[in-house]
Amino acid sequence: MLELVCPAGTPASLRAAVESGADAVYCGLRDATNARNFPGLNFSPDELAASVEFAHARGAKVLLAVNTFATAGDTTPWTGAVDTAAACGVDAIVVADLAVLDHAANRHPQLRLHLSVQAAAGTPEAIAFYAERFGVKRVVLPRILSIPEIAALSKEIPVEIEAFAFGGLCVMTEGRCDLSSYVTGRSPNLSGVCSPSECVSYSGENGQRSAKLSGLTIDRSAAGQPVGYPTICKGRFVDRGEASHIFEDPVSLNTIDVLPDLIRAGVSALKIEGRQRGKAYVQQVTREFRTAIDAVLAGQGTGTADTLAALTEGHRSTTGAYRKTWR
Amino acid sequence: MHSTTTSAPASWRRPARLFEGAPFPLPAAPPWQSPQLARLALAPLGAALTLSLRRVLRRHPDLHDRLDAARNTVIRIAPAEYPVAFEIALSDTGGTVTALPKAAPGPVNVRVEAPLDCLLTIFQGEDDGDAAFFSSELVIEGEMAPLVALRNAIEAAGLDWRDLLPLPLPPGLDALIRRLA
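For the protein sequence lines, the chains are A and B, in the order given.
According to the working numbering, the first sequence is numbered sequentially starting from -14.
According to the working numbering, the second sequence is numbered sequentially starting from 822.
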């Protein structure tokens, strides 16, 4: 069984994911306890309970992301989110912080624990620690490992592996990136938001479009050119007289072509990134991956025309580290 | 940096266009001569859309929370091929929509421009706003927070073109349209 795990930023997206073939849908509460804390996004506790009921009635699971790091001295919002998850009957929570894991393991031992990518656990020793200490059942791998490295890892760890299959990419130190907080004072790790939209503005003049973060210009491109998200890591900066994407290109992960290899490597679940995206995105990506997974499992190749290019950031896609040739 | 990178076609085309094969002519650009006359001519359209907005807010009380970051801001939305724009101003108690000439001056927090069918398909949840932004078919100027809140609230409410009408359709007609859709 290979589980297709899809994103939902609203109950409407959750319903779209379930109806399009998701095995599981992950979402977050409307606060800083999850890494997509954007204006107008996410679920109230009542919406979460109703969504769990909807998904379960159709054989799908709901996972709640409580995957930011708790504030020192005030873990209440995070432990409260775990309590809400348990009360709503979610199938698992996705957690990175040790204090939150400890609370969940002690107070809700029946609640299944997945280790978030934000924990950046990519070694057998780190993953074994989380499994032994807190009973974590699945690890979401950081997007730094090649497929051979995942295959080797899967033989040494006592938990399921969830790997990212499609969507936006972060620079290679997930859970440890300070670029957003350096410029805005807020980060995905602590505030649940990278490049908070309150700090983002766009302007256009003389045929050029500029993206600014807290007043700092981070990208400038000719009008009409494909663009990406307004994050520092995907900004364009001048180095030795040349403007380029120094940290990361605006590009999306797309693993359709390497699905058979990921499955052979021991991956149990494929994750689609994009809780901030609309339900049209959720619908289309879920359908495409449902078709591809079913075809691969039936031995018929990926069985898809891969129509996802138009949804990708900067209109470019990559297999990322899965086929990496660098160290 | 990445090992395998492929590019999408330069021109993004959505799978369905709302007005393709429409059995009615699309309105031509209005021939107004002065900004004052234009504002006057567009006032009924703004008033009708204000009624629609208030009806949606009444039907979806949960939207009030989602719209927090959009409150007390002005969002100007402009269909690229028409000389008209719509300003949405949300307050604690409701909101208004003003239709005005696209070139009309005035302080706004954020301005969005895209082809009309792009705006409508995003409104109906049939297209992804981020994808339209990535392709530069949808262009934003100004602050992002109010726009993100509005987009997410619209997504959550699951609206369609009937929500743009100032009054609900009679139940019989509504049911017939749903069956034909």
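Even for Gly, the Cβ is constructed at its ideal location relative to N, Cα and C.
Since this is a predicted model, take the numbers as computed values, not measurements.
- Ile896 (chain B) sits away from Leu940 (chain B), with the two beta carbons spaced by 8 Å or more.
- Beyond the five residues adjoining it in sequence on each side, Ala207 (chain A) comes within less than 7 Å, by CB distance, of Gly192, Gln193 in the same chain, given in chain order.
- Relative to the Cα of Ala70 (chain A), the nearest Cα in the group A:Cys162, A:Val51, A:Arg128 belongs to A:Val51.
- Taking the Cβ atoms as the reference, Ser101 (chain A) lies roughly 10 Å from Val121 (chain A), outside the contact range of under 8 Å.
- Lys264 (chain A) has a beta carbon lying within less than 8 Å of a beta carbon in chain B.
- For Arg118 (chain A), the three-state secondary structure derived from DSSP is helix.
- About 7 Å separates the CB atoms of Ser253 (chain A) and Leu(-13) (chain A); that is less than 8 Å, so the two are in contact.
- Residues of chain A whose Cβ lies closer than 8 Å to the Cβ of Arg880 (chain B) do not exist, since the nearest Cβ in that chain is about 15 Å away.
- In the DSSP assignment, Val931 (chain B) is bridged to B:Ile896, B:Gly963.
- Chain order gives the chain A residues near Val969 (chain B) as Phe23, Pro24, Gly25, Ser182, where near means a beta carbon separation below 7 Å.
- For the pair of segments examined, the segment 235 to 243 of chain A was found to touch the segment 289 to 308 of chain A: the number of CB pairs separated by less than 8 Å reaches three.
- Residue-level contact check: Asp951 (chain B) touches chain A, since one or more beta carbons of chain A fall below 8 Å from its beta carbon.
- For the C-beta of Gly(-6) (chain A), the chain B residues within less than 7 Å are, from N- to C-terminus, Asn973.
- Exclusion of the five residues before and after Thr216 (chain A) leaves Cys179, Ser180 as the residues of its chain whose Cβ lies within less than 6 Å of its Cβ.
- Interface residue (Cβ-Cβ distance to chain B less than 8 Å): Ala295 (chain A) is classified as such.
- Ile257 (chain A) counts as buried, since at least 16 other C-beta atoms from the protein chains shown sit within 10 angstroms of its C-beta.
- When the five nearest sequence neighbours on each side are left out, the beta carbons in the same chain lying within less than 6 Å of the beta carbon of Ala77 (chain A) are those of Leu48, Arg97, His99, in order along the chain.
- Judged by DSSP in its simplified three-state form, Asn91 (chain A) adopts helix.
- Under the DSSP assignment, Lys46 (chain A) falls in the beta strand (DSSP E) whose first and last residues are 46 to 51.
- Nearest to Arg879 (chain B) by alpha-carbon distance, out of B:Gly993, B:Pro987, B:Pro856, is B:Pro987.
- Annotation: Cβ neighbours of Ala208 (chain A) in chain B (cutoff 8 Å, chain order): Ser957, Val960.
- Residue pairing from DSSP places Arg205 (chain A) in a beta bridge opposite A:Ser195.
- Here the alpha carbon of Val124 (chain A) sits roughly 9 Å from the alpha carbon of Ala104 (chain A).
- Pairwise C-beta distances place the segment 962 to 972 of chain B out of contact with the segment 274 to 290 of chain A, as fewer than three of them are shorter than 8 Å.
- By the CB criterion at 8 Å, Ser176 (chain A) and Pro24 (chain A) fall outside the cutoff.
- For a Cβ distance threshold of 9 Å, residue set Gly946, Glu976, Ala977, Ala978, Gly979 of chain B lies close to Ala(-3) (chain A), ordered along the chain.
- Annotation: Arg860 (chain B) to Asp31 (chain A) spans about 43 Å, alpha carbon to alpha carbon.
- Under DSSP, Leu98 (chain A) forms a beta bridge with A:Ile78.
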